[in-house]
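Engineer:
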Amino acid sequence: MASIPDTPDRIIAFPGRPPAQVAFAREEMQRILDIYGRMVAAGEWRDYAMGFTKDCAMFDAFKRAAEKPQARIEKRPALRNKQGMWTLFGEHGQVLKRGHELSGVLAPIERRLVKSIDD
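Read left to right, the sequence shown gives residues -8 to 110 (the numbering used here).
(1) Sorted by chain position, which residues of the same chain lie with C-beta nearer than 8 Å to Arg22's C-beta, five sequence neighbours on each side aside?
(2) Are the beta-carbon atoms belonging to Pro60 and Asp51 less than 8 Å from one another?
(3) Check the C-beta distance from Ala62 over to Ile2 and give it rounded, since I have them as a contact under 8 Å.
(4) Glu65 lies in the beta strand (DSSP E); which residues open and close that run?
(5) Which stretch, first to last residue, makes up the alpha helix (DSSP H) that contains Ala48?
(6) Does DSSP put Arg103 in a helix, a strand or coil?
(7) If I measure Cβ to Cβ from Val13 and keep anything under 8 Å in the same chain, skipping five residues before and after, which residues do I get?
(8) Using the rule of at least 16 other Cβ atoms within 10 Å of the residue's Cβ for burial, across every protein chain shown, is Glu35 buried or exposed?
(9) Assign Gly111 to one of three DSSP states: helix, strand, or coil.
(10) In three-state terms, what does DSSP make of Ala16?
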């Protein structure tokens, strides 16, 4: 029988897991879809899209499907300890609001909703 030669102790790294996909929690999704539904009822939005990557989760709201989104809500957990993991982007990609809490980031949309209902 062949003997196994002595080898120095080596640490072999196991392949790591692929990065987890960022997603919205159930309460977050419920909050986003609630405001989406109210904007649809007000005639402001008609379509939405969601995207999920290893870095962020996105919710885009459209007036028409062929246009740029009127609003984008983005969750980036990597920014949790910096400016906040929630960002609201406007129609032209400008940052409208950043924050640590989803309710604060959705405030400009809430104000817009109140304005459109009053008209």
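Don't be surprised by glycine CBs; every beta carbon is placed ideally from N, CA and C.
Please read these numbers as outputs of a predicted model, since none were measured by experiment.
Structural biologist: Quick look at the numbers:
(1) Leu93, Ser94, Leu97
(2) yes
(3) Their Cβ separation, rounded to whole angstroms, is 49 Å, which puts Ala62 and Ile2 out of contact at 8 Å.
(4) 62 to 66
(5) Element bounds for Ala48: not the alpha helix (DSSP H) but the beta strand (DSSP E), 48 to 53.
(6) helix
(7) Phe43, Thr44, Lys45, Asp46, Cys47, Ala48, Lys66, Arg67, Pro68
(8) buried
(9) Since the first and last residues shown for the chain are -8 and 110, residue 111 lies out of range.
(10) coil
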